[in-house]
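S.K.: With the numbering used here, you'll find the sequence shown wraps up at 502, consecutive numbering, no jumps.
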Amino acid sequence: MSSFVRKPFDPITVSSTDKRRVAYFYDSDVGNYSYGTGHPMKPHRIRMAHSLIMNYGLYKKMEIYRAKPATKQEMCQFHSDEYIDFLSRVTPDNLDLFQKEQVKFNAGEDCPIFDGLYEFCGISGGGSMEGAARLNRGKCDIAINYAGGLHHAKKSEASGFCYLNDIVLGIIELLRYHPRVLYIDIDVHHGDGVEEAFYTTDRVMTCSFHKYGEFFPGTGELRDIGVGKGKHHAVNVPLRDGIDDATYRSIFEPLIKRIMDWYQPSAVVLQCGGDSLSGDKLGCFNLSMRGHANCVNYVKSFNIPMMVVGGGGYTMRNVARTWTYETGLLNNVLLDSELPYNDYYEYYGPDYKLDVRPSNMHNANSPEYLDKILTQIYANLENTKHAPSVQMNYVPPDMEDFGDVEEDTALAKDTQGGSQYARDNMVMGDNEFYDDDAQAEGINSKNIEDNSKETENRTSRVSIMQPLFEDSNKEKKENDVTSTNVPFSTLKNGEGEHKK
C-alpha cells in the first residue's frame with residue numbers, strides 16, 4: 003500500500019468557536035538593524051509585516067508585548083561563553099582586533115558583523131524565551147515571535163545569517179514544564195542548528211521539510227534520525243525543487259499526524275521560514291501564501307500549546323504578506339485579500355493584494371519519490387517506543403523573573419500596536435528596498451565579500467547565498483518565461499513580484 007496519497011488543496015477554514023489566547027511579541031527596534039548593503043537578509047521585513055498586521059486590526063484579537071532582550075546568562079544556556087562574549091564585544095569598528103575569532107566563530111560573508119549585532123540577537127532571543135515562558139505559565143495558548151526562527155546558529159558558531167539560536171533557547175525554556183516538545187520547520191533550508199542541539203535526546207523531536215542536495219546547509223538526509231536516546235527523534239524530509247501546495251500538503255499533513263500520534267508532544271514550536279514561498283530570492287519551492295499558511299493552520303488544529311517563529315524569507319513583500327495572513331489564522335480570522343493602507347503600501351503593487359501566487363515552475367517531487375520518503379520515515383518511527391516518559395518532579399527556577407500579573411505590564415503590553423510605533427515611520431536606507439527585480443536579484447557578491455576582507459583566506463564554506471552568486475554568473479533568460487528549467491528567481495515580472 004502506498005504511503006503517499008496526493009490530496010487536493012482545499013480552501014483554508016477557521017473555527018469561530020476557537021478562543022485560544024495569542025501573545026504576539028514585537029520590538030520596533032528590530033527593523034533598524036542592517037546586515038549591510040546588498041545582503042539578502044533584511045530585518046526590516048519584520049517591521050513591514052507588523053505594519054500590515056496592525057492595519058488589518060489584528061491587535062484587537064491578541065495581546066502585544068515587547069519582550070525584554072535576552073541576557074548573556076540566558077544566551078549561554080545553549081551557546082558557549084566565549085562565543086557570546088565575542089558577539090557582545092565585536093563591532094565593525096574593531097574588527098581588526100578579532101581576526102582569529104571571526105574565523106573561529108564563522109563571521110564573514112553570510113554572517114557579517116554589523117552595528118547593533120548583539121542587541122539584535124537579544125531581541126530575537128528575548129521574544130522566543132518570553133513566549134515560551136508565557137506558554138509555560140498558561141498565560142497564552144499561542145506565542146508569536148517573527149523576529150525569531152534563526153535555526154542555523156550553532157553552539158559556538160554563526161551560520162546562514164543566524165547568530166543566536168532563539169529556537170533552542172525557547173525550547174530549553176519549554177522543557178522546564180513540558181516533558182516532550184515537537185519542533186517543525188517549513189523553511190526551505192534544513193533546520194540544522196536546532197536538530198544538532200537536540201540530536202541525542204528524546205525530549206525534543208525535530209521534523210524539517212527542506213530542499214536537499216547541492217543546497218545550503220547540505221545536511222538533513224533522510225537517514226539522519228538522531229543518535230543514542232535521540233535515535234528516531236530527528237525526522238528529515240528532503241524535498242526537490244518546485245514542490246507545490248497540493249504536494250506539500252499531501253506529505254506534511256499525514257506525517258505530522260503520525261508524529262503527533264506517536265510522540266504525543268505537550269508543546270510544539272513551528273518555524274515559518276518564508277523562503278519556501280514561490281519566487282523567493284534564495285528559495286526553490288513553489289508554495290503559495292495559502293499553501294504555506296495551511297501548515298500553520300494544520301498544526302494549530304491539534305490544540306497544543308504552540309510557539310510560532312519566523313525564519314528565512316528574502317522577498318520581503320511576500321514574507322510580510324504571508325506572516326500577516328498566518329497571524330490572522332492563528333487568531334481565527336480569514337483576512338480580506340484587499341490590503342489596507344499601511345506604511346509600506348506602495349511596495350505591494352501593482353495588485354495590492356494579500357496573496358503570493360505560485361509560478362509555472364516544474365515540480366520535481368514525483369509521487370514515487372515522496373512515497374519512498376514517507377515509507378522510510380514511518381518505518382523509523384515504528385522501530386522504537388512512542389511517547390518516552392520523563393520524570394518531572396522538580397522545576398528549576400527561572401533564569402529571569404518574567405513575573406506574573408504585575409510584570410511591568412504598562413511597559414510590556416500595548417494593544418494599540420506597540421509603544422514604539424512612531425519609530426516604525428523611520429526612513430530606511432536605500433538598500434532596504436529595490437526599484438525593480440533586476441536590482442533585487444542582481445546582488446553583487448563583491449559587496450558582501452567586502453564586509454569581511456579579513457576572512458578571505460579561511461577555508462571555504464557552503465554559503466546560503468550560493469543561489470545569488472549562481473544567478474549573477476549566468477545569463478538571464480528573461481524571454482524564456484515558460485521553460486520549466488528556468489529558476490523562478492530569474493524571471494522578470496513573475497507572480498507576486500513586479501517591476502516598477
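Ideal Cβ placement from N, Cα and C applies to all residues, glycine included. The model shown is predicted, which means the values in this text are computed figures rather than measured ones.
(1) Could you check how far apart the C-beta atoms of Cys286 and Gly312 are, in whole angstroms? I think they sit under 8 Å.
(2) Of the choices His388, Ala322, Ile125, Tyr35, whose alpha-carbon is the least far from that of Ala295?
(3) Helix, strand or coil: which one does DSSP assign to Cys209?
(4) Determine contact between the region 44-55 and the region 92-107, defined as no fewer than three beta-carbon pairs at a distance below 8 Å.
(5) How would you write the range of the alpha helix (DSSP H) that Asp87 sits in, first residue to last?
(6) By DSSP, does Asn147 sit in helix, in strand, or in coil?
(7) Taking the straight line between their C-alpha atoms, what separation do you get for Asn333 and Lys374?
(8) Among the residues of its own chain, which have a CB less than 6 Å from the CB of Arg319, if the five just before and after it don't count?
(9) For Asp83 and Asp112, what's the separation of their Cα atoms in angstroms?
(10) Using C-beta distances below 7 Å, list every residue in its chain close to Arg22, excluding the 5 sequence neighbours before and after it, in chain order.
(11) Taking DSSP's pairing of strands, which residues face Glu340 in a bridge?
(12) I need the straight-line Cα distance from Gly151 to Leu177, nearest angstrom please.
(13) Starting from the N-terminal side, write out each stretch of the beta strand (DSSP E) that is 3 residues or longer and does not extend beyond the region 74-141.
(14) Assuming Phe254 is part of the alpha helix (DSSP H), what are its boundary residues?
(15) Return the chain-ordered list of same chain residues with a C-beta closer than 6 Å to the C-beta of Tyr179, the five sequence neighbours on each side being excluded.
(16) Applying the criterion that 16 or more other CB atoms from any shown protein chain within 10 Å of the CB defines a buried residue, is His154 buried or exposed?
(17) From which residue to which residue does the beta strand (DSSP E) around Ile66 run?
(18) With 16 other CB atoms within 10 Å as the buried threshold, where does His515 fall?
(19) Taking its Cβ as the centre, do 16 or more other Cβ atoms sit within 10 Å of Thr208, making it buried, or is it exposed?
(20) Spatial neighbours of Ile14 within its chain, please: CB distance less than 8 Å, with the 5 preceding and 5 following residues excluded, ordered by chain position.
(21) Less than 9 Å between the beta carbons of Ile306 and Val270, yes or no?
(22) Under 7 Å Cβ to Cβ from Ser4, same chain only, skipping five residues before and after it: list those, please.
(23) In its own chain, which residues sit with a C-beta less than 6 Å from the C-beta of Gly118, not counting the 5 before and 5 after it?
(24) When the Cα atoms are used, what is the spatial distance from Met64 to Lys106?
(25) Please confirm whether Val358 and Thr329 have their CB atoms less than 9 Å apart.
(26) Quick one: give me the first and last residue of the beta strand (DSSP E) that Leu272 is part of.
(27) Using a Cβ cut-off of 9 Å (strictly closer), state whether Gly220 contacts chain C.
(28) Using a threshold of 8 Å, is the CB atom of Ile227 nearer than that to any non-hydrogen atom of the ligand HEM?
(29) Distance, Cα to Cα, Gly222 vs Phe163?
(30) Flag this pair as yes or no: are the beta carbons of Asp282 and Thr317 separated by less than 9 Å?
(31) Since Asp187 is in the beta strand (DSSP E), which residue starts that stretch and which ends it?
(32) Are there three or more Cβ pairs, one per stretch, closer than 8 Å when the region 164-174 is compared with the region 355-371?
(33) Distance check for Glu132 and Ala160, CA to CA, integer angstroms please.
(34) Taking the alpha carbon of Pro10 as the point to measure from, which residue in Glu255, Met467, Tyr346 has its own alpha carbon closest?
(35) Looking at the strands, I want to know which residues DSSP matches up with Phe27.
(36) Identify whether Asn238 lies in helix, strand or coil by the three-state DSSP scheme.
M.R.: Once the coordinates are examined:
(1) Not confirmed; about 20 Å, so no contact.
(2) Ala322
(3) strand
(4) no
(5) 83-91
(6) strand
(7) 36 Å
(8) Tyr349, Tyr350
(9) 22 Å
(10) Asp143, Ile144
(11) Lys355
(12) 18 Å
(13) none
(14) 247-265
(15) Asn138
(16) buried
(17) 65-67
(18) Outside the modelled stretch of the chain, which goes from 3 to 502, sits residue 515, for which no answer is possible.
(19) buried
(20) Arg292, Ala295, Asn296, Asn299, Leu331, Leu336
(21) yes
(22) Asp373
(23) Tyr35
(24) 42 Å
(25) no
(26) 269-273
(27) Although the question refers to chain C, the structure presented lacks it and comprises just one protein chain.
(28) The ligand HEM is not part of this structure, which contains no ligands at all.
(29) 18 Å
(30) yes
(31) 183-187
(32) no
(33) 23 Å
(34) Glu255
(35) Tyr67
(36) strand
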